[in-house]
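Each remark here refers to the structure printed beneath this line.
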Amino acid sequence: KMKRDFLEVTDLTREEVWRIFDRAKYFKQERSRHRQEEILAGKHLGLLFSKPSTRTRVSFEVAILELGGTPIYLAGQSTQVSRGETIKDTARVLSRYLSGLVVRTFKQEEVKEYGRWFAFPVINALTDTSHPCQALSDYFTILEKKKTFDGLCLTYIGDPNNVCNSLVLMADLLGVSIRISSPPGYPLSPLVRQQMRNPQLLKVSTDPAAFIADADVIYTDTWVSMGSESKEKERIAVFREYQVNENLLSRAKKDFLFMHCLPAHRGQEVTDTVIDGENSVVIDQAENRLHCQKALLEFLHGG
Numbered sequence: 115k116m117k118r119d120f121l122e123v124t125d126l127t128r129e130e131v132w133r134i135f136d137r138a139k140y141f142k143q144e145r146s147r148h149r150q151e152e153i154l155a156g157k158h159l160g161l162l163f164s165k166p167s168t169r170t171r172v173s174f175e176v177a178i179l180e181l182g183g184t185p186i187y188l189a190g191q192s193t194q195v196s197r198g199e200t201i202k203d204t205a206r207v208l209s210r211y212l213s214g215l216v217v218r219t220f221k222q223e224e225v226k227e228y229g230r231w232f233a234f235p236v237i238n239a240l241t242d243t244s245h246p247c248q249a250l251s252d253y254f255t256i257l258e259k260k261k262t263f264d265g266l267c268l269t270y271i272g273d274p275n276n277v278c279n280s281l282v283l284m285a286d287l288l289g290v291s292i293r294i295s296s297p298p299g300y301p302l303s304p305l306v307r308q309q310m311r312n313p314q315l316l317k318v319s320t321d322p323a324a325f326i327a328d329a330d331v332i333y334t335d336t337w338v339s340m341g342s343e344s345k346e347k348e349r350i351a352v353f354r355e356y357q358v359n360e361n362l363l364s365r366a367k368k369d370f371l372f373m374h375c376l377p378a379h380r381g382q383e384v385t386d387t388v389i390d391g392e393n394s395v396v397i398d399q400a401e402n403r404l405h406c407q408k409a410l411l412e413f414l415h416g417g
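Here the sequence shown is numbered in this note's numbering, starting from 115 and rising by one per residue.
Encoded structure:
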């Protein structure tokens with residue numbers, strides 16, 4: 115049977131996402147009862163990370179261990195790829211040792227190349243243009259808190275980055291209205307727009323307050339993504355008006371959810387009062403990475 119990869123949100127159907135959500139809920143309950151599964155028993159999975167990571171690395175390592183498998187962490191700089199070996203050669207050799215690969219890197223094309231040459235499931239654990247595991251966990255968290263996606267509106271404020279791209283594609287898949295407020299000159303990627311099957315779900319504005327009143331979920335992320343640190347000063351100046359603070363949220367619904375994929379730069383894209391406030395679900399969001407990734411691993415590895 116054909117192996118399945120998870121390199122982009124669009125690698126899953128709507129039905130498959132719902133199936134993963136059901137299993138994530140199950141794994142979350144089981145973990146609270148200290149019960150474990152053996153879905154990955156006898157399997158070794160590589161975590162090939164060329165970018166720093168806290169949540170993604172720990173949640174994947176724990177998920178693999180709790181499913182009975184063995185995670186093997188490979189820091190990008192410690193592999194031969196960093197010295198010019200082709201991804202093709204690396205992936206083909208790793209196929210002889212490992213049963214799965216979780217890749218966190220820069221270019222989306224690199225993850226696709228691993229998918230092409232590695233014999234078992236490959237998971238995208240973040241690239242410059244997408245973060246599908248994050249989107250999976252985010253919408254699972256929204257479902258958990260709001261009980262439905264019907265009539266729901268998610269507003270993303272700030273830099274339309276990799277996380278935003280995956281949120282848009284997952285909204286498209288699940289039928290969630292999505293709004294983006296970003297500065298002039300920092301639009302949503304046209305490629306992401308082209309991939310949408312239901313473009314009517316998306317509205318964009320350069321006004322930070324444009325979509326606040328109707329938002330059930332208000333989401334922000336760092337203004338300075340990994341790799342663009344050299345533009346930090348310039349970006350902080352451009353995005354200042356897009357800070358999620360109490361003033362901006364004065365028009366928000368009482369029961370909105372505040373989300374952020376973390377790490378947060380407190381005092382930049384969000385204030386302490388918001389991220390630590392009663393509408394914030396950022397810690398639940400981070401926890402759910404573990405449960406959703408277990409469900410994803412089970413799905414890809416035929417559990």
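Note that beta-carbon positions come from the ideal geometry of N, C-alpha and C, so glycine has one too.
query: Cβ-Cβ separation, VAL384 to THR334 (assumed contact under 8 Å), whole Å; result: 6 Å
query: Nearest neighbour of TRP337, chosen from TYR270, PHE370, VAL306 and ASN312 [CA to CA]; result: TYR270
query: Enclosing beta strand (DSSP E) for SER295 [first to last residue]; result: 291-295
query: Alpha helix (DSSP H) runs contained entirely in the region 329-400, provided each spans 4 or more residues; result: 346-353 and 386-389
query: Residue closest to PHE174, alpha-carbon to alpha-carbon, out of GLU355, VAL236 and SER280; result: VAL236
query: Environment of GLN248 [buried if 16+ CB atoms lie within 10 Å]; result: buried
query: Buried versus exposed call for GLY229 [16 or more other C-beta atoms within 10 Å across all chains shown]; result: buried
query: Segment contact, 8 Å Cβ cut-off, at least three pairs: the region 242-257 with the region 405-412; result: yes
query: Close-in-space but distant-in-sequence residues of the same chain around LYS157 (CB under 6 Å, 5 per side omitted); result: GLY183 and SER213
query: Top-ranked residue by Cα proximity to LEU302, from GLU152, SER319, PHE163 and HIS415; result: SER319
query: Cβ distance (whole Å) where THR193 is taken to contact THR200 below 8 Å; result: 12 Å between Cβ atoms; not a contact.
query: One or two residues paired with PHE163 in a DSSP bridge; result: ALA189 and ARG218
query: Reference ALA329; option with closest CA among ILE186, SER291, LEU240 and VAL195; result: SER291
query: Sequence ranges, alpha helix (DSSP H) only - wholly within the region 255-311, length at least 4; result: 276-288 and 304-309
query: Buried/exposed call for ARG311, threshold 16 Cβ in 10 Å; result: exposed
query: First and last residue of the uninterrupted beta strand (DSSP E) at ASN319; result: Note on identity: in this sequence residue 319 is Ser, with Asn being the wrong assignment. Segment 316-319, the beta strand (DSSP E) holding SER319.
query: Three-state class that DSSP yields for HIS405 in the structure shown; result: helix
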